[in-house]
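Structure first, then comments.
So, in structure tokens, the structure goes:
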């Protein structure tokens, strides 16, 4: 069993919605960690449809159960798609960060960009949640999880919201850029 644990708490983007779980970026991340000789076990506690409120409610039990060295928070997309108050989204994410840090877990937050049909004011406020979090010195942030994907519809399933299996390695690369600095190499 792996010495260290990475907990991913997210929504359908991390739950491999519409594709085989083994094709999703979380499973591919586990493969990359193993290949790169990092002794980590990745726990995917993602639930399709989850909001930051759902994640906040579920996080304490997950932290207690898995005691992760690193907590990856990939939530906010469903909040944004529902047009929820950005102040509430930000507060929920900040509470999740505080809970993880209280348990001595390093934190990586994964942000997204909303479709433009939500209007410039709301989309700007939404994006500022993640750019604001990125300015904190005590966490790591990937401001655009779907960078290199959300610019081209070919990377999406028929619903236009969920990336295809072929797009998942791009997501892993986007996450790896920030995650790699948090990892400890196995010295065996």
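Residue numbers (the numbering used here): 1 to 188. Cβ coordinates follow ideal geometry from the N, Cα and C atoms, glycine included.
Exercise. Pick helix, strand or coil for residue 152, following the three-state DSSP scheme.
Key: coil
Exercise. Assign residue 167 to one of two classes, buried (16 or more other C-beta atoms within 10 Å of its C-beta) or exposed (fewer than that).
Key: buried
Quiz prompt | Residues that residue 107 bridges to, as DSSP identifies them | solution = 71
Quiz item: Can residue 90 and residue 129 be called in contact, C-beta distance under 8 Å?
Solution: yes
Self-check item: Beta-carbon separation (whole angstroms), residue 73 vs residue 110, contact threshold 8 Å
Solution: 7 Å
Self-check item: Residues near residue 188 by beta carbon distance below 7 Å, same chain, minus five either side
Solution: With a pLDDT of only 42 at residue 188, under the threshold of 50, the placement of this residue in the model should not be trusted, and no figure is reported.
Quiz item: Taking the beta strand (DSSP E) that residue 9 falls in, what are its first and last residues?
Solution: 4 to 10
Practice problem: Check the C-beta distance from residue 45 over to residue 9 and give it rounded, since I have them as a contact under 8 Å. | Solution: 5 Å
Exercise. List the endpoints of the continuous alpha helix (DSSP H) containing residue 58.
Key: 52 to 66
Practice problem: Hey, could you find the ends of the alpha helix (DSSP H) residue 175 is sitting in? | Solution: 168 to 179
Exercise. Check whether the stretch 53 to 60 touches the stretch 16 to 31, taking contact to mean three or more Cβ pairs, one atom from each stretch, closer than 8 Å.
Key: no
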